[in-house]
Amino acid sequence: MLNAESLAGLYSQSKSAKSFWNQTSKQTERKIVRLRKREPFKGPDRISYDLKKKYKITCAASTVAAILKRKGLVTKEYRSRLTKKHMKRYRRPLPGYLQMDFKYTPFLVEGKKTYQLSVVDHHSSWRFIRSFQDRKIETVIHFLNELERAVPFPMVQIQTDNALEFTDKFSNHNRGLKPTDCHDFDVWCKDRGIEHKLIPIGEKEINGKVENTHRFDDREFFSQINVSTFNELELATRQYNQRWNEERPTKTLGWLTPSETVEAAYVRAIAWLLHIMPPSAWREPEAHVTYHVGMASISATKEEIMRLKEENKPKPRPKKLTAIDRYLQYMDWDARNKIKTWAPVPMILQNFSFAPRNLLVCELYISILVRNFESPFWK
87 MLNAESLAGL YSQSKSAKSF WNQTSKQTER KIVRLRKREP FKGPDRISYD
137 LKKKYKITCA ASTVAAILKR KGLVTKEYRS RLTKKHMKRY RRPLPGYLQM
187 DFKYTPFLVE GKKTYQLSVV DHHSSWRFIR SFQDRKIETV IHFLNELERA
237 VPFPMVQIQT DNALEFTDKF SNHNRGLKPT DCHDFDVWCK DRGIEHKLIP
287 IGEKEINGKV ENTHRFDDRE FFSQINVSTF NELELATRQY NQRWNEERPT
337 KTLGWLTPSE TVEAAYVRAI AWLLHIMPPS AWREPEAHVT YHVGMASISA
387 TKEEIMRLKE ENKPKPRPKK LTAIDRYLQY MDWDARNKIK TWAPVPMILQ
437 NFSFAPRNLL VCELYISILV RNFESPFWK
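Position one of the sequence shown corresponds to residue 87 (this note's numbering), numbered consecutively onward.
Have a look at this one:
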């Protein structure tokens, strides 16, 4: 203070640090502002994910929100909260449950109204979107045929509202207030084994999945394009649909795209089936072979045919025993029953082994010796 050259040196100065070790760099702030201005519909979570994926920069969503607020890029908007009874959030375990609805294009194209028909999968948020110039039932059937060729999973159920394009429940010729199942939409679903589910009247929040995607369409698609012809709108719609399914990861899906979510769902399903089913259920069935037995023919697998062949194999005829064979059998029986024989027997065997010419004499003598024993071989 004594070295101050003016009275300004008497004022107290800030003691806070001029820089912090964890302060976000100016370069990162410029990237955040650039991403926000390029796509104003993106929030802090998606901007934080883009920073990590595109620039390898780790920046928390709360930090991104603070920077956007400091730069004046966040407006304080109050939205009316829904207080209806169908507000429970849930997700189907597997793809195949679809919700379908029409949406008016928020601007005129060539001075005429146009419509967007979209269908969204309840599990993966996979979408199929097309733009049309009318809402006829022929247009809906054309859309369904195109959907059938493009969908990457089997369709189980299609949920719609009670519009005349989807059902004849409230048509003039139907007085019973029930679907007749003769509507073209119902016939198309019935031919392919798909359930057509109608929501109750006045409860559009049950079809909230597709209604919520319409809100994203206003923010991310219609507010970002400038088309003058219907062909340009149709082309832009197809590009937006491809970007939604392949290039738009969301936090709700674990930062996966809808197409990646469909693949992950089937990987989990296959892993679960492998866990609960025995290995034999996954083996390919063996080809059957025809085996002829006499006048009959049997169709079975190769292993069963081999077993049948072994069972039906002719057994060899028993060998005709000579006196010598019977005597050897007797010797085995005598050894087992511990019966003592006469002393001349070993001499006879010795003579027989060295003198084959006395074979007949040996046989007769042995038969005489053995007859005095109670042997089972002579019974």
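All C-beta atoms, glycine included, are put in the ideal place defined by N, C-alpha and C.
Nearest to F308 (by Cα), restricted to the options S148, T246 and N327: Sequence index remark: in the sequence shown, residue 308 carries index 222 (1-based). Per the Cα distances, N327.
Beta-carbon proximity check, V150 vs P130, cutoff 7 Å: The residue labelled residue 150 in the question sits at position 64 within the sequence shown. The residue labelled residue 130 in the question sits at position 44 within the sequence shown. Cβ atoms of V150 and P130: closer than 7 Å.
Neighbourhood of P344 by C-beta, 6 Å cutoff - its chain only, sequence neighbours within 5 removed: As a first step, residue 344 must be located in the sequence shown, where it is residue number 258. Taken in chain order, the residues that qualify are S210, S211, W212 and N331.
Same chain only: Cβ atoms within 6 Å of E91, ignoring 5 sequence neighbours per side: Here residue 91 refers to the residue found at position 5 of the sequence shown. Correct list: empty, nothing qualifies.
Sequence-distant residues of its chain with Cβ nearer than 7 Å to Y141 (five each side left out): Residue mapping note: residue 141 aligns to position 55 of the sequence shown, counting from 1. Only K117 meet the Cβ criterion.
Whole-angstrom distance between I280 and R177, CA atom to CA atom: By one-based count along the sequence shown, residue 177 stands at place 91. By one-based count along the sequence shown, residue 280 stands at place 194. When rounded, the distance between both Cα atoms is 19 Å.
Any 3 or more C-beta pairs closer than 8 Å across the region 214-232 and the region 247-259: With a cut-off of 8 Å, the region 247-259 and the region 214-232 count as touching, because enough Cβ pairs lie within range.
K73 (DSSP reduced to helix, strand or coil): Residue 73 is absent from the model: the chain starts at 87 and stops at 465.
Sequence-distant residues of the same chain with beta carbon closer than 7 Å to S102, five excluded per side: For the purposes of this step, residue 102 is identified with residue 16 of the sequence shown, where counting begins at 1. Hits under 7 Å: none found.
Nearest-angstrom beta carbon gap, V195 and L319 [assumed within contact, 8 Å]: Here residue 319 is taken as the residue at index 233 of the sequence shown, counted from 1. Here residue 195 is taken as the residue at index 109 of the sequence shown, counted from 1. In this structure, L319 and V195 form a Cβ contact; the two beta carbons are roughly 5 Å apart against a cut-off of 8 Å.
As assigned by DSSP and simplified to three states, the class of T56: No information on residue 56 is available, as it lies outside the stretch 87 to 465 that the chain covers here.
S92: first and last residue of the uninterrupted beta strand (DSSP E) it sits in: The residue you call residue 92 lines up with position 6 of the sequence shown. For S92, no beta strand (DSSP E) run applies, since DSSP gives it neither H nor E.
Under 7 Å between C-beta atoms of P238 and V348: For the purposes of this step, residue 238 is taken as the residue at position 152 of the sequence shown. For the purposes of this step, residue 348 is taken as the residue at position 262 of the sequence shown. V348 sits close to P238, with the two beta carbons spaced by under 7 Å.
Distance, E390 Cα to N398 Cα: Residue 398 sits at position 312 when you count from the first residue of the sequence shown. Residue 390 sits at position 304 when you count from the first residue of the sequence shown. In a straight line, the C-alpha of N398 is about 12 Å away from that of E390.
Top-ranked residue by Cα proximity to D304, from L233, K388, L154 and Q202: Counted from its first residue, the sequence shown places residue 304 at position 218. Here the closest residue by C-alpha is Q202.
Closest residue to K112 among K157, K123 and T246 (Cα-Cα distance): The sequence position of residue 112 within the sequence shown is 26, counting from 1. The closest CA to that of K112, considering only K157, K123 and T246, is found on K157.
Exposure label - M417; buried when at least 16 CB within 10 Å: On the sequence shown, position 331 is the one that residue 417 refers to. Exposed, because fewer than 16 other Cβ atoms sit within 10 Å of the Cβ of M417.
Three-way DSSP call (helix, strand, coil) for F252 in this model: Numbered from 1 along the sequence shown, position 166 holds the residue referred to as residue 252. Residue state, collapsed to three classes: coil.
Contacts around L137, its chain only, beta-carbon distance under 6 Å, and the 5 residues preceding and following it disregarded: As a position in the sequence shown, residue 137 is number 51, starting the count at 1. Taken in chain order, the residues that qualify are I143 and C145.
Of the residues P286, M363, K395 and F214, the one placed nearest Q325, counting alpha carbons only: Translated into the one-based positions of the sequence shown, residue 325 becomes position 239. Checked all of P286, M363, K395 and F214; the closest Cα to Q325 is F214.
Inter-residue spacing [alpha-carbon to alpha-carbon] between T361 and A351: In the sequence shown, residue 361 corresponds to position 275, counting from 1. In the sequence shown, residue 351 corresponds to position 265, counting from 1. The sequence shown places His at residue 361, rather than the Thr named in the question. About 15 Å.
C-alpha gap between I133 and Y97, whole angstroms: Translated into the one-based positions of the sequence shown, residue 133 becomes position 47. Translated into the one-based positions of the sequence shown, residue 97 becomes position 11. Near 43 Å, if we compare the C-alpha coordinates of Y97 and I133.
Sequence-distant residues of its chain with Cβ nearer than 6 Å to K283 (five each side left out): Here the question's residue 283 lines up with position 197 in the sequence shown. Taken in chain order, the residues that qualify are Q243 and Q245.
Close-in-space but distant-in-sequence residues of the same chain around S257 (CB under 8 Å, 5 per side omitted): If you number the sequence shown from 1, residue 257 lands on position 171. So the list reads L250, once near-sequence residues are dropped.
Beta bridge counterpart(s) of S257 as assigned by DSSP: Residue numbering aside, residue 257 sits at position 171 when the sequence shown is read from its first letter. None, per the DSSP bridge assignment.
Through-space distance from D247 to P286, alpha-carbon basis: Within the sequence shown, numbered from 1, the residue matching residue 286 stands at position 200. Within the sequence shown, numbered from 1, the residue matching residue 247 stands at position 161. Cα-Cα distance, rounded: 8 Å.
Where M417 falls: helix, strand or coil (DSSP): Counting from 1 along the sequence shown, the entry for residue 417 is found at position 331. If DSSP states are grouped into helix, strand and coil, M417 belongs with the helices.
Separation of F302 from N189, as counted between CA atoms: As a working note, residue 189 is residue 103 in the sequence shown. As a working note, residue 302 is residue 216 in the sequence shown. Correcting the residue type first, residue 189 is Lys in the shown sequence and not Asn. Taking the straight line from one Cα to the other gives about 12 Å.
Range covered by the alpha helix (DSSP H) that runs through D136: Numbered from 1 along the sequence shown, position 50 holds the residue referred to as residue 136. Residues P130 to K140.
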